[in-house]
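There are 2 protein chains.
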Amino acid sequence: MPESLTLEQVARAARVSTATVSRIINGTGTVSAHKRAAVMEAIERLGYRPNMMAQALARGSTMSVGVLTPDIASPFYSAVLRGVERGFGGSGYHPVFASEEWRVSSASDSLDLLVSRRVDAMIVLGGNTPLDRLRELAGLMPLVVLGRELPGLEGQCLEVDQTVGAEQATHHLLALGHRRIVHLAGPEDHADARARLAGYRRALRDAGVPEAPELIVPGDFSEAGGHAATEALLAAGVPFTAIFAANDQSSAGAQLALFRRGLRVPTDLSVVGFDDIPGSAFERPPLTTVRQPTGDMGQAAAAMVLALLRGEQPSMPTFRAALVERESTAPVPTVRSNARGRKKG
Amino acid sequence: MPESLTLEQVARAARVSTATVSRIINGTGTVSAHKRAAVMEAIERLGYRPNMMAQALARGSTMSVGVLTPDIASPFYSAVLRGVERGFGGSGYHPVFASEEWRVSSASDSLDLLVSRRVDAMIVLGGNTPLDRLRELAGLMPLVVLGRELPGLEGQCLEVDQTVGAEQATHHLLALGHRRIVHLAGPEDHADARARLAGYRRALRDAGVPEAPELIVPGDFSEAGGHAATEALLAAGVPFTAIFAANDQSSAGAQLALFRRGLRVPTDLSVVGFDDIPGSAFERPPLTTVRQPTGDMGQAAAAMVLALLRGEQPSMPTFRAALVERESTAPVPTVRSNARGRKKG
DNA sequence: CTGTTAGCGCTTTCAG
DNA sequence: CTGAAAGCGCTAACAG
Numbered sequence: 001m002p003e004s005l006t007l008e009q010v011a012r013a014a015r016v017s018t019a020t021v022s023r024i025i026n027g028t029g030t031v032s033a034h035k036r037a038a039v040m041e042a043i044e045r046l047g048y049r050p051n052m053m054a055q056a057l058a059r060g061s062t063m064s065v066g067v068l069t070p071d072i073a074s075p076f077y078s079a080v081l082r083g084v085e086r087g088f089g090g091s092g093y094h095p096v097f098a099s100e101e102w103r104v105s106s107a108s109d110s111l112d113l114l115v116s117r118r119v120d121a122m123i124v125l126g127g128n129t130p131l132d133r134l135r136e137l138a139g140l141m142p143l144v145v146l147g148r149e150l151p152g153l154e155g156q157c158l159e160v161d162q163t164v165g166a167e168q169a170t171h172h173l174l175a176l177g178h179r180r181i182v183h184l185a186g187p188e189d190h191a192d193a194r195a196r197l198a199g200y201r202r203a204l205r206d207a208g209v210p211e212a213p214e215l216i217v218p219g220d221f222s223e224a225g226g227h228a229a230t231e232a233l234l235a236a237g238v239p240f241t242a243i244f245a246a247n248d249q250s251s252a253g254a255q256l257a258l259f260r261r262g263l264r265v266p267t268d269l270s271v272v273g274f275d276d277i278p279g280s281a282f283e284r285p286p287l288t289t290v291r292q293p294t295g296d297m298g299q300a301a302a303a304m305v306l307a308l309l310r311g312e313q314p315s316m317p318t319f320r321a322a323l324v325e326r327e328s329t330a331p332v333p334t335v336r337s338n339a340r341g342r343k344k345g
Numbered sequence: 001m002p003e004s005l006t007l008e009q010v011a012r013a014a015r016v017s018t019a020t021v022s023r024i025i026n027g028t029g030t031v032s033a034h035k036r037a038a039v040m041e042a043i044e045r046l047g048y049r050p051n052m053m054a055q056a057l058a059r060g061s062t063m064s065v066g067v068l069t070p071d072i073a074s075p076f077y078s079a080v081l082r083g084v085e086r087g088f089g090g091s092g093y094h095p096v097f098a099s100e101e102w103r104v105s106s107a108s109d110s111l112d113l114l115v116s117r118r119v120d121a122m123i124v125l126g127g128n129t130p131l132d133r134l135r136e137l138a139g140l141m142p143l144v145v146l147g148r149e150l151p152g153l154e155g156q157c158l159e160v161d162q163t164v165g166a167e168q169a170t171h172h173l174l175a176l177g178h179r180r181i182v183h184l185a186g187p188e189d190h191a192d193a194r195a196r197l198a199g200y201r202r203a204l205r206d207a208g209v210p211e212a213p214e215l216i217v218p219g220d221f222s223e224a225g226g227h228a229a230t231e232a233l234l235a236a237g238v239p240f241t242a243i244f245a246a247n248d249q250s251s252a253g254a255q256l257a258l259f260r261r262g263l264r265v266p267t268d269l270s271v272v273g274f275d276d277i278p279g280s281a282f283e284r285p286p287l288t289t290v291r292q293p294t295g296d297m298g299q300a301a302a303a304m305v306l307a308l309l310r311g312e313q314p315s316m317p318t319f320r321a322a323l324v325e326r327e328s329t330a331p332v333p334t335v336r337s338n339a340r341g342r343k344k345g
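Line by line, the protein sequences give chains A and B.
Per full-length UniProt numbering, the first sequence runs over residues 1 to 345.
Per full-length UniProt numbering, the second sequence runs over residues 1 to 345.
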């Protein structure tokens, strides 16, 4: 492996000082057109790329921001990540991704890694990071948290109201006449999951529909979890006409369980999901779900970090989850008659 | 923001020299238990985290390897990424992800960024990076390429034989009696897509089934692309009894088009995909597809890089794509009779 | 076993 | 406008 080029070699090749080359690279100070041309030529010819490590050390800033994500392979988080990338475009800063699963060693985790990398700021997605670590972090550098409300750090937490979204979803089902609505919940230790459950409950309460404990079943946001929970429900013979799943992935698992029993969606049962991940619009039938503006959220998080880095007060856009009515929901089937009219609307 | 701690401050606090602290942190050299304890205590109490930038500069190595991916949000690539993460576990090296979409500026792309970051090695996924840049890179540092065969760099290219996988898929359909099999192709400039098309063709040829140009339709690996192409086929009235999609995502789009026309899978038509992304096992019906060992591939790529970094000759595991028969395929429907027996097997 | 001392490649005063 | 020189925080000889 050839040693990589240094600023000094470029300077030598262009017959100028290292300071001059540095000025040109960074656009700081003024340099004569003559020398500038010589330096540019040398950089080009030699294929020089500044060593960011050295730049960071000398400058005291890495021009990078850490992005901590629970799972880099999740359709939801990766959509947010894309937004974050977009948000940093052209800012000079670039994102450094780290997934929570990743352990450098038993003693240090991804967060430590990012801190060691001396990122200038951090964006934390999701809620698995211990609160105290987050507080400590907030004292160290600009921090924006997505999807969790941190007591004392409200101004740096970007959230969409999951509760309202879940309420809308449940209300939609209620309006279609459903009364026995299953909620396929997410992990109990997940803030969003709890908020969605709360929205489900509120909608039922507001509609005066009593909550049935047996209709709230535990899931884990995965297809397999949704499948298992629904399977269990069916096996137990619990009656229901609709499922509101805590996310799209678990709704897919639930639907497979229905499918196995020959139950049709939305004819026999209605299903609504949450998130509106890319594939959901193409399910058969296309899934009615609650859309989260993932890309925009990521982009906004990046914008907030950038503002914080500039020492400005970041503006906090409000995001709302909104129901996307597609084709997995329909009026509750009438048992005693087949008089479901053919009238439009 | 508090300035972050330096090695020197720790050394001062522990009343030892910086060299001693460095030795302890890196496990190089031997240090008396007494001083070691004092240093550990200081590190702990102060919350010291080494500055990787400085370490990298001093050491001449960043202990990081760049991972370039076409799209961080793709279910396929992100599964590979997970494998890569696993593969680096405990090695001391850590992955730095960059997606090709991301542009630092008009002049420099993700690859430049990774080079600037002085990653010690690189893993490139997929085939969008210009060949000459890859060659140049290979001269600079250990490089492993996944999913592309680079002339002259065969030893560093990890591939699964896409052609054989596609052949299996097509053969499976052929064995079920299908003759009018659509191939919903991937992007023409994508090596894997071309290989899958080649496999489709080879299977047809081997079976003595003539290739019908109108059955090979262009897609782009997306749900929307699959939907549009299938829609067009249906609108044109082209007869066919099965679809072999170049990937699972486009197969979902295709299925939506069928669904819109009231066509049932696998009763009326059979569909097979490629990749076996996480959701495919939970489609209704579960999708018959060609599985790629994504996680293993990622892990193997990491292992190869690690070997290269140690100066060893990396071993090249062979991966094969294998058909996973699920429920989206069935014997071609008999038009003139409904005599499809009820015999098992 | 431990401290001293050169750098690593780059930015940034500070003089010219 | 430009160069010299002093670090940035850490590692790695090199002496003790």
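The C-beta atom is built at its ideal place from N, Cα and C for all residues, glycine as well.
**Item:** Straight-line gap, Thr-329/A to Asp-276/A (C-alpha atoms, nearest Å)
**Value:** 15 Å
**Members of the stretch 48-64 of chain A that neighbour chain B once the beta carbon cut-off is set at 8 Å** = Arg-49, Pro-50, Asn-51, Met-52, Met-53, Ala-54, Ala-56, Leu-57, Thr-62
**Message:** For Leu-184/A and Ala-193/A, I'd like the C-alpha separation in whole angstroms.
**Reply:** 10 Å
**Host alpha helix (DSSP H) of Arg-202/B (start-end)** = 191-207
**Message:** Taking the straight line between their C-alpha atoms, what separation do you get for His-171/B and Val-209/B?
**Reply:** 11 Å
**Prompt:** Counting Cβ pairs closer than 8 Å, one from the stretch 296-308 of chain B and one from the stretch 253-268 of chain B, do we hit at least three?
**Reply:** no
**Item:** Beta-carbon neighbours of Ile-243/B, restricted to chain A and to distances below 7 Å
**Value:** What Ile-243/B touches in chain A: nothing, since even the nearest Cβ is about 14 Å away.
**Item:** Three or more C-beta pairs below 8 Å linking the stretch 279-293 of chain B and the stretch 215-233 of chain A
**Value:** yes
**Message:** Would you say Asp-112/B lies against chain A (beta-carbon separation less than 9 Å)?
**Reply:** yes
**Item:** Those residues which DSSP pairs with Val-160/B across a bridge
**Value:** Phe-319/B
**Asked** How far does the beta strand (DSSP E) with Phe-244/B in it reach, from first residue to last?
**Response** 242-245
**Asked** Does Pro-278/A get closer than 9 Å to chain B when you measure Cβ to Cβ?
**Response** yes
**Message:** If the criterion is Cβ atoms closer than 9 Å, does the pair Ala-169/A and Thr-288/A meet it?
**Reply:** yes
**Neighbouring residues, chain B, relative to Glu-41/A (Cβ below 7 Å)** = Under the 7 Å cutoff, chain B gives no residues; its nearest Cβ is about 15 Å from Glu-41/A.
**Prompt:** Any Cβ of chain B within less than 9 Å of the Cβ of Gly-262/A?
**Reply:** no
**Message:** Let me confirm a value: Gly-83/A is counted as buried when at least 16 other C-beta atoms fall within 10 Å, else exposed. Which label applies?
**Reply:** buried
**Request:** Report yes or no: is there a C-beta of chain A within less than 9 Å of the C-beta of Arg-340/B?
**Result:** Here Arg-340/B scores only 39 on pLDDT, less than 50, and its place in the model should not be relied on; the value that follows carries that caveat. Judged by the 9 Å Cβ criterion, Arg-340/B is not in contact with chain A.
**Asked** Should Val-115/A be flagged as near chain B, meaning a C-beta pair shorter than 9 Å?
**Response** yes
**Asked** Candidates Glu-136/A, Ala-191/A, Pro-95/A: which alpha carbon is nearest Arg-117/A's?
**Response** Pro-95/A
**Request:** Closer than 7 Å by beta-carbon distance: list the chain B residues that pair up with Gly-253/A, in chain order.
**Result:** Phe-282
**Contacts around Tyr-48/A, its chain only, beta-carbon distance under 7 Å, and the 5 residues preceding and following it disregarded** = Leu-5, Val-10
**Message:** Does the stretch 173-183 of chain B come into contact with the stretch 149-162 of chain B, if we say contact requires no fewer than three beta-carbon pairs (one atom in each stretch) closer than 8 Å?
**Reply:** no
**Item:** Coil, strand or helix - Gly-92/B by DSSP
**Value:** coil
**Item:** Proximity test, Cβ basis, 9 Å: Leu-256/A and chain B
**Value:** yes
**Beta-carbon neighbours of Ser-328/A, restricted to chain B and to distances below 9 Å** = Those within 9 Å of Ser-328/A in chain B number zero; the least Cβ separation is about 11 Å.
**Prompt:** In three-state DSSP terms, what is Gly-253/B?
**Reply:** helix
**Asked** What is the DSSP secondary structure of Arg-291/A, reduced to helix, strand or coil?
**Response** strand
**Message:** Is there a Cβ of chain B sitting closer than 9 Å to that of Gln-249/A, yes or no?
**Reply:** yes
**Prompt:** Considering His-34/B, what are the terminal residues of the alpha helix (DSSP H) in which it resides?
**Reply:** 33-46
**Prompt:** Name the chain A residues whose beta carbon is nearer than 8 Å to that of Pro-75/B?
**Reply:** Ala-73, Pro-75
**Request:** Examine chain B for any beta-carbon lying closer than 9 Å to the beta-carbon of Pro-293/A, and answer yes or no.
**Result:** no
**Asked** When you compare only the Cα positions, how much space is there between Asp-189/B and Val-217/A?
**Response** 46 Å
**Residues from the stretch 297-317 of chain B in contact with chain A, defined by Cβ distance under 9 Å** = none
**Inter-residue Cα distance where the pair is Leu-233/B and Ile-243/B** = 11 Å
**Prompt:** Exposed or buried, Leu-131/A, counting other C-beta atoms within 10 Å across all chains shown (16 or more means buried)?
**Reply:** exposed
**Message:** For a cutoff of 9 Å on Cβ pairs, would you count residue 365/A as touching chain B?
**Reply:** Given that chain A is displayed from residue 1 to residue 345, the structure contains no residue 365/A and the question cannot be resolved.
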